[in-house]
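Working notes, structure below.
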Amino acid sequence: MSKSTLISPIGHIKSPFKQKFAIPRQPRLATAALAIIELEDDYNHPDLVRDLEQFSHLWLIFSFHQNIQQGWTPLVRPPRLGGNKKTGVFATRATFRPNGLGMSAVKLEQVIVDNNKASIQISGADLVDGTPIFDIKPYVPYSDIINEADGGFAQEAPLTPMVVEFSAQAQTFLDSVSTPTDFKQLIEQVLAQDPRPAYKKNKADDKEYAVELYQFDVRWRVIENRTIVTNITLIDTDI
Ligand code: SAM
1310 MSKSTLISPI GHIKSPFKQK FAIPRQPRLA TAALAIIELE DDYNHPDLVR DLEQFSHLWL
1370 IFSFHQNIQQ GWTPLVRPPR LGGNKKTGVF ATRATFRPNG LGMSAVKLEQ VIVDNNKASI
1430 QISGADLVDG TPIFDIKPYV PYSDIINEAD GGFAQEAPLT PMVVEFSAQA QTFLDSVSTP
1490 TDFKQLIEQV LAQDPRPAYK KNKADDKEYA VELYQFDVRW RVIENRTIVT NITLIDTDI
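Sequential numbering of the sequence shown, starting at 1310, is according to the numbering used here.
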């Protein structure tokens, strides 16, 4: 007989990824993605993060909240296997799963304590903006690193097949506007993975793609296996 347990978020992430599209499939593939974990009032006290800064990395346990409503299936088609082969949900990191829980190891950048409140700056997360965080734990290398571990059908990090270039217009924007730390590197890391749908790969493609990173709209085209960032604009956040 199953017993249910009610859990509620201890915080939410403020992430540069404003939509699921183009988020890397695992943490630390876009190390330039800086995010902040904002704690809920009940947990927002320096006591809860005391000594956390001794650790370089953290585990985040979170909800795939944007997919919960769609439910889950026992068999899924991992992108790793080309999207054709079905695999058991528990053999994947699929976002559609019982309980809809995700886990990511991220780099701790800074514990910020101000006015008796605390927040946590991290980098390399693969979470969409607003994702509810259920727990934070220190990454403990002596136990969490398993040298003999076998990665099954996901042995290596995904390829980053695209060379990313910037149009004169995009480069002028980056040179003239104040942007978040490592913003250009973040664009390169995200687009180098070629986030287009799998069926577009290795095909002629004249579509312009767009992704929202921080408060910027980033546009790009793929021309003969080169990704050209065509334009970057500041999104009017007052609308
Ligand atoms: N590292 C985690 C894990 O293994 O549990 C997540 C892996 S999952 C394959 C990563 C993808 O989840 C991202 O590329 C993004 O598209 C999606 N994602 C991130 N945050 C999400 C959220 N809050 N709700 C639904 N999908 C999300």
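Where is the CB? At the ideal position from N, CA and C, for every residue including glycine.
Delimiting residues of the alpha helix (DSSP H) encompassing Pro-1450: According to the DSSP assignment, Pro-1450 belongs to the alpha helix (DSSP H) that extends over 1450 to 1453.
Cβ contact (3+ pairs, closer than 8 Å) linking the segment 1362 to 1371 and the segment 1416 to 1434: Counting Cβ pairs under 8 Å, three or more are found: they touch.
Pair within 8 Å by beta-carbon distance, Ser-1428 and Glu-1347: Using a Cβ distance threshold of 8 Å, Ser-1428 and Glu-1347 count as a contacting pair.
Distance cut-off 7 Å: Pro-1325 Cβ against heavy atoms of the ligand SAM: Result no, Cβ not under 7 Å from the ligand SAM.
Gly-1320 CB to nearest heavy atom of the ligand SAM below 7 Å: Answer for Gly-1320: no, Cβ out of range of the ligand SAM.
Strand pairing of Ile-1322, partner residues [DSSP]: Residue pairing by DSSP puts Ile-1322 in a beta bridge opposite Ile-1346.
Counted within 10 angstroms of its Cβ, other Cβ atoms place Gln-1494 as buried (16 or more) or exposed: Classified as exposed, Gln-1494 has fewer than 16 neighbouring CB atoms from the shown chains inside 10 Å of its CB.
Simplified DSSP state of Pro-1467, which is helix, strand or coil: Three-state result, Pro-1467: coil.
C-beta atoms of Thr-1404 and Pro-1387 nearer than 8 Å: Their beta carbons are not under 8 Å apart, which means Thr-1404 does not touch Pro-1387 by this criterion.
Euclidean distance between Cα positions of Ile-1532 and Val-1538: In this structure, the CA atom of Ile-1532 is about 11 Å from the CA atom of Val-1538.
Residue of Val-1358, Pro-1325, Gly-1439 minimising C-alpha distance to His-1374: Closest option to His-1374, Cα to Cα, is Gly-1439.
Cβ pair Lys-1510, Asp-1503 closer than 8 Å: Going by beta carbons, Lys-1510 and Asp-1503 fall inside the 8 Å limit.
Reduced DSSP secondary structure (H/G/I, E/B, other) of Phe-1399: Looking at Phe-1399 - three-state DSSP - the assignment turns out to be helix.
Which listed residue (Pro-1470, Leu-1522, Ala-1344) has its alpha carbon closest to that of Asn-1534: Ranking Pro-1470, Leu-1522, Ala-1344 by Cα distance to Asn-1534 puts Pro-1470 first.
Sheet register partners of Arg-1535 (DSSP bridge): Per DSSP, Val-1472, Ile-1532.
Identity of the residue in Thr-1481, Asn-1376, Ile-1332, Asn-1408 nearest Ser-1313 by Cα: Selected option, being the one with the closest Cα: Asn-1408.
Beta bridge counterpart(s) of Tyr-1508 as assigned by DSSP: DSSP output for Tyr-1508 lists no bridge partner at all.
Neighbouring residues (CB closer than 7 Å to any heavy atom of the ligand SAM): Every residue passing the under-7 Å Cβ criterion appears here: Lys-1329, Ile-1332, Pro-1333, Arg-1334, Gln-1335, Pro-1336, Phe-1371, Ser-1372, Phe-1373, His-1374, Gln-1375, Asn-1376, Arg-1402, Ala-1403, Thr-1404, Gly-1411, Met-1412, Ser-1413, Asp-1435, Leu-1436, Val-1437, Thr-1440.
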